[in-house]
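Visitor: Residue numbers (the working numbering), protein chains in the order written: chain S, 1 to 341; chain B, 1001 to 1341. Just dropping this structure here.
Protein chains: 2
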Amino acid sequence: MAMSGSSPTINDVARIAGVSKKTVSRVINRSPLLKEATREKVEKVIAELGYTPNPQARALALRRNFLLGLLHDNPNAQTVLNFQEGVLDAIRDTEFALVVRPVDRRSPDMLEDIRNFLEVQRLYGVLLLPPISENDELAELCRDMGCGYVRMGSAALDTSEHLVQSNDREVVESVIDYLVELGHRRIGLIEGPSGFRSAAERREGFRAAMKRHGLEVPETAVAQGNYRFDSGVEAANKLLQGDTQITALFASNDEMAAGAYHAAREKGIAVPGQLSIVGFDNSPIAAHIWPPMTTVSWPIREMAKSAALKLIDPGSDGAKPSTFPARLVTRDSVGPPPPTT
Amino acid sequence: MAMSGSSPTINDVARIAGVSKKTVSRVINRSPLLKEATREKVEKVIAELGYTPNPQARALALRRNFLLGLLHDNPNAQTVLNFQEGVLDAIRDTEFALVVRPVDRRSPDMLEDIRNFLEVQRLYGVLLLPPISENDELAELCRDMGCGYVRMGSAALDTSEHLVQSNDREVVESVIDYLVELGHRRIGLIEGPSGFRSAAERREGFRAAMKRHGLEVPETAVAQGNYRFDSGVEAANKLLQGDTQITALFASNDEMAAGAYHAAREKGIAVPGQLSIVGFDNSPIAAHIWPPMTTVSWPIREMAKSAALKLIDPGSDGAKPSTFPARLVTRDSVGPPPPTT
DNA sequence: ACGAAAAAGGAAACCGGTGTCAAAACGATT
DNA sequence: AATCGTTTTGACACCGGTTTCCTTTTTCGT
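Now the structure itself:
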């Protein structure tokens, strides 16, 4: 009775509405076998009391928590944080909460750790960010544990309902088109680490476009990095040395592109005067570096929202995989190739 | 009996060990009034079965979840993410999980939203990141709701056990000492937004050191930003215009310092040749920008870990406020002032 | 108007733990 | 051996929901 502080329970609602708790439960769960009048009566009481079902109790009864998990091993802070924001967009005003779990994909115990985590926390579902979203054993683990999951990826990795992706390949092709149109012929690539689907997609986009334009891609015009700044420096040093004569360069992410800036600067190569650079991600560094970097932006926040909705309300966002369009953001790191060949 | 898949419960343990579930509960909770023999017997069964208490059930019974919340409205992704890692360090191998909740401190509903969130999720405790860690109403709300909390801050804001802080002021003083030692006399300040304790601390450190060296700080040598890149550009433009003749500049965070780089570049001012710049935070951009930026690094991950420990195990990390030392990271954005005055 | 089927609602058990309080076991004393 | 005061332990209710199963009510065909 004295309810200062402690929130009303389903029993309070039932008593005041003059029905059984099961009926209240039915209202909460939108059971279809309820008379409209009853529903309204109960809903009125719920509204009056400001009743919210206790997630802990539901979690216990349903053997399933109202928690969405974000599993990631992501080198890029901004990406992860944007993703978190997107998930929050989806669960705002619901009883769901977001729990985060950074993992170490190089640890041999990763799967075991995650299994433990899932077993203990009994999450409603998990969101898998690249690169671990590409781990098939992990997806299988989720299935085994009866835990919903959605993989973020840049290509088809799974059946329909578990996937949210972007069109990396196409947009990289258009990046190359853009460079070629400006007159570039010798274009270099800093690709991402093997094992990353996104890296493969972007590389394929690059190769396809070059081929379409009848341009060669010599060995020396390609270098591999690991998506981190330092590896970008190193890769660019390789690309820029000797006689390659590259006039433009596409890096598979912004951090490596920033590394390329660094390498160019050390070598006294002007950007974009002597070398045009395009990155990928549109992370803050792209806007903050000098000159501001032309890069590819993908709608991570929207993708995250969609992924979360797939988990908590499969009806709304559907069983089909969702593909979100990335787009080129032109700033000042691209120009025509230098006149003297 | 058939326990494929579903994990064992306290009942299984009790039955097999031949004791009551309450006794098992006592073992789990390290109750001191247990006979050693009983404890061992039960623990053996627990180990054999690989039993883990179900957090949902405990949450229901205790009216308190095993969830730590991270409340933030932070402009810096890397800071937030590092903080998350630190919390994870603390709760690894415990039953705790970390839930994140970005908030909007400019929203008039913020407190109401948070109240709702706390009421529904019944968190074990929350970690408050700057700037909302400085909101006293919020701290009071936590107390009201019976929710543990720890504030991250750069100065005393609360009583002892609720605080983890850094020594911003001192370290900024040492930054200025360093610049003065190199020969700088006209040093500019880009300060952070009003309302941020950290901004005030850093400003005071700056002013104290300048005063100690007998150096003036004219109006025109100070500009205010909001901790974001663009505001850094703007502030630096103000500082660098006309006749100020500043030879060095301290920005209250790295993003604004990066903005100052940008402004300098646009004006054709060489860094560090004509202008030395020091930032604060040691965020990735400091290492990636050109030239690599001298900045202040503070041990956010350790601070986060300490904060989390304060919540989940007040015994271990103690009731006293913890202060963690920040330190200067010297890179290439600082040099002696230009010879021609 | 009647009986049968369908719809609506309720009682009680259950999810897996913890709290309360009384009972049992134990040790020391007499 | 009986008594008493501590430890230890257990029975049972409870946390706030859901599920199962059964009863009551409504609807409808004939």
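Using N, Cα and C, we set each Cβ at its ideal position, and we do this for glycine too.
Going by beta-carbon coordinates alone, are VAL27 (chain S) and TYR51 (chain S) separated by less than 8 Å?
Guide: One-based indexing of the first sequence puts residue 27 (chain S) at position 27. One-based indexing of the first sequence puts residue 51 (chain S) at position 51. Result no, Cβ atoms of VAL27 (chain S) and TYR51 (chain S) do not sit closer than 8 Å.
Visitor: Only counting the same chain, and skipping five residues up and downstream in sequence, which positions put a Cβ closer than 6 Å to that of ALA1304 (chain B)?
Guide: Mapped onto the second sequence, residue 1304 (chain B) falls at position 304. PHE1083, GLY1086, VAL1087.
Visitor: Please list the partners that ALA1221 (chain B) has in chain S, where partner means a Cβ-to-Cβ separation under 9 Å.
Guide: Taking the second sequence and counting its residues from 1, the one referred to as residue 1221 (chain B) is at position 221. Contact note: ALA1221 (chain B) does not reach chain S at a C-beta cutoff of 9 Å; the least C-beta distance is about 24 Å.
Visitor: If you run the structure through DSSP and keep just helix, strand and coil, what is ARG1301 (chain B)?
Guide: Within the second sequence, residue 1301 (chain B) is the residue found at index 301, counting from 1. ARG1301 (chain B): helix per DSSP, three-state reduction.
Visitor: So SER1333 (chain B) contacts chain S; which residues on that side make the cut at Cβ distance below 7 Å?
Guide: The residue given as residue 1333 (chain B) occupies position 333 in the second sequence. Contacts between SER1333 (chain B) and chain S, judged by CB atoms closer than 7 Å, are missing: the closest CB pair is about 13 Å apart.
Visitor: Residues of chain S with CB closer than 7 Å to the CB of ARG1265 (chain B), please, in chain order.
Guide: For the purposes of this step, residue 1265 (chain B) is taken as residue 265 along the second sequence, with counting starting at 1. The contacting residues are TRP290.
Visitor: Tell me, which residues are paired with TYR149 (chain S) by DSSP?
Guide: Within the first sequence, residue 149 (chain S) is the residue found at index 149, counting from 1. BP columns for TYR149 (chain S) point to S:VAL126.
Visitor: List, in chain order, every chain B residue whose beta-carbon is nearer than 7 Å to that of ARG122 (chain S).
Guide: Counting from one through the first sequence, the residue named residue 122 (chain S) turns up at place 122. Correct list: GLN1056.
Visitor: Which two residues bound the contiguous alpha helix (DSSP H) that contains SER198 (chain S)?
Guide: Here residue 198 (chain S) refers to the residue found at position 198 of the first sequence. Per DSSP, SER198 (chain S) belongs to the alpha helix (DSSP H) from 197-212.
Visitor: Is there a Cβ from chain S that is less than 8 Å from the Cβ of PHE1280 (chain B)?
Guide: As a first step, residue 1280 (chain B) must be located in the second sequence, where it is residue number 280. It does not; no Cβ of chain S falls within 8 Å.
Visitor: Alpha helix (DSSP H) containing PHE1083 (chain B): first to last residue?
Guide: On the second sequence, residue 1083 (chain B) is found 83 positions in, with the first residue counted as 1. It spans 1077-1091 - the alpha helix (DSSP H) in which PHE1083 (chain B) sits, taken as one unbroken run.
Visitor: Expressed to the nearest angstrom, what Euclidean distance is found between the alpha-carbon atoms of ARG1197 (chain B) and SER283 (chain S)?
Guide: Within the second sequence, the letter at position 197 stands for residue 1197 (chain B). Within the first sequence, the letter at position 283 stands for residue 283 (chain S). If I take the Cα positions, the gap works out to 28 Å.
Visitor: Can the beta-carbon of ASP168 (chain S) be found closer than 8 Å to that of ALA209 (chain S)?
Guide: Translated into positions along the first sequence, residue 168 (chain S) becomes position 168. Translated into positions along the first sequence, residue 209 (chain S) becomes position 209. Their beta carbons are not under 8 Å apart, which means ASP168 (chain S) does not touch ALA209 (chain S) by this criterion.
Visitor: Does the beta-carbon distance from ARG105 (chain S) to PRO131 (chain S) come in below 8 Å?
Guide: For the purposes of this step, residue 105 (chain S) is identified with residue 105 of the first sequence, where counting begins at 1. For the purposes of this step, residue 131 (chain S) is identified with residue 131 of the first sequence, where counting begins at 1. The answer is yes: Cβ separation under 8 Å.
Visitor: From ASP1113 (chain B) to LEU1060 (chain B), what does the alpha carbon distance come to, in whole angstroms?
Guide: By 1-based counting over the second sequence, the position of residue 1113 (chain B) is 113. By 1-based counting over the second sequence, the position of residue 1060 (chain B) is 60. Using only the alpha carbons, I get a separation of about 23 Å.
Visitor: ARG202 (chain S) to VAL99 (chain S), Cα distance in whole Å?
Guide: As a position in the first sequence, residue 202 (chain S) is number 202, starting the count at 1. As a position in the first sequence, residue 99 (chain S) is number 99, starting the count at 1. So the alpha carbons of these two residues sit roughly 30 Å apart.
Visitor: Going by C-alpha to C-alpha distance, which of S:ARG115, S:PHE250, S:LYS238 sits closest to LEU71 (chain S)?
Guide: Position 71 of the first sequence, counting from 1, holds the residue named residue 71 (chain S). Answer by Cα proximity: S:ARG115.
Visitor: Is there a Cβ of chain B sitting closer than 8 Å to that of VAL13 (chain S), yes or no?
Guide: As a first step, residue 13 (chain S) is located in the first sequence; it is residue number 13 there, counting from the start. Not one chain B Cβ lies under 8 Å of VAL13 (chain S).
Visitor: If we call anything under 8 Å between Cβ atoms a contact, is THR1294 (chain B) one with THR1330 (chain B)?
Guide: Translated into the one-based positions of the second sequence, residue 1294 (chain B) becomes position 294. Translated into the one-based positions of the second sequence, residue 1330 (chain B) becomes position 330. Going by C-beta atoms, THR1294 (chain B) is nearer than 8 Å to THR1330 (chain B).
Visitor: Tell me, which residues are paired with SER322 (chain S) by DSSP?
Guide: In the first sequence, the residue the question calls residue 322 (chain S) occupies position 322. DSSP lists S:VAL164 as partners of SER322 (chain S).
Visitor: Please classify ASP1093 (chain B) as buried or exposed, where buried requires at least 16 neighbouring CB atoms within 10 angstroms.
Guide: The count along the second sequence starts at 1 and reaches residue 1093 (chain B) at position 93. Exposed, by the Cβ-count rule.
Visitor: What first and last residue would you give for the beta strand (DSSP E) that runs through PHE280 (chain S)?
Guide: Position 280 of the first sequence holds residue 280 (chain S). Looking at the DSSP string, PHE280 (chain S) is not in any beta strand (DSSP E), and its letter there is neither H nor E.
Visitor: Which same chain residues end up closer than 8 Å to GLU1134 (chain B) when comparing Cβ atoms and leaving out the 5 residues on each side of it in sequence?
Guide: Locating residue 1134 (chain B) in the second sequence gives position 134, counting from the first residue. Closer than 8 Å at Cβ, skipping near neighbours: ARG1151, GLY1153, LEU1157, GLY1195, PHE1196, ARG1197.
Visitor: Excluding sequence positions up to five away, which residues of its chain have a Cβ less than 6 Å from the Cβ of GLY427 (chain S)?
Guide: The structure shown does not extend to residue 427 (chain S), since chain S is modelled only from 1 through 341, so no value can be given for it.
Visitor: Alpha carbon to alpha carbon, how far is VAL80 (chain S) from ILE1190 (chain B)? Give it in angstroms, no decimals.
Guide: Taking the second sequence and counting its residues from 1, one reaches residue 1190 (chain B) at position 190. Taking the first sequence and counting its residues from 1, one reaches residue 80 (chain S) at position 80. Taking the straight line from one Cα to the other gives about 29 Å.
Visitor: I want to verify the contact list: residues of chain S whose CB lies under 9 Å from the CB of PRO1102 (chain B), in sequence order.
Guide: For the purposes of this step, residue 1102 (chain B) is identified with residue 102 of the second sequence, where counting begins at 1. What PRO1102 (chain B) touches in chain S: LEU81, GLN84, GLU85, LEU88.
Visitor: What's the C-alpha gap between ASP1254 (chain B) and GLY232 (chain S)?
Guide: Start at 1 with the first residue of the second sequence, and residue 1254 (chain B) comes out as number 254. Start at 1 with the first residue of the first sequence, and residue 232 (chain S) comes out as number 232. Each residue's Cα considered, the two are about 22 Å apart.
Visitor: Looking only at its chain, what residues have a beta carbon closer than 8 Å to the beta carbon of GLY273 (chain S), apart from the 5 residues adjacent to it on each side?
Guide: Counting from one through the first sequence, the residue named residue 273 (chain S) turns up at place 273. Within the same chain, GLY273 (chain S) has close Cβ partners GLY335, PRO338.
Visitor: Around the Cβ of ASP1243 (chain B), are there at least 16 other Cβ atoms within 10 angstroms (buried) or fewer (exposed)?
Guide: By 1-based counting over the second sequence, the position of residue 1243 (chain B) is 243. Exposed, by the Cβ-count rule.
Visitor: Could you check the C-alpha separation between SER1004 (chain B) and GLY69 (chain S) for me, to the nearest Å?
Guide: Residue numbering aside, residue 1004 (chain B) sits at position 4 when the second sequence is read from its first letter. Residue numbering aside, residue 69 (chain S) sits at position 69 when the first sequence is read from its first letter. Model confidence at SER1004 (chain B) stands at a pLDDT of 43, short of 50, so the residue's coordinates are unreliable; what they give is reported in the following sentence. Taking the straight line from one Cα to the other gives about 24 Å.
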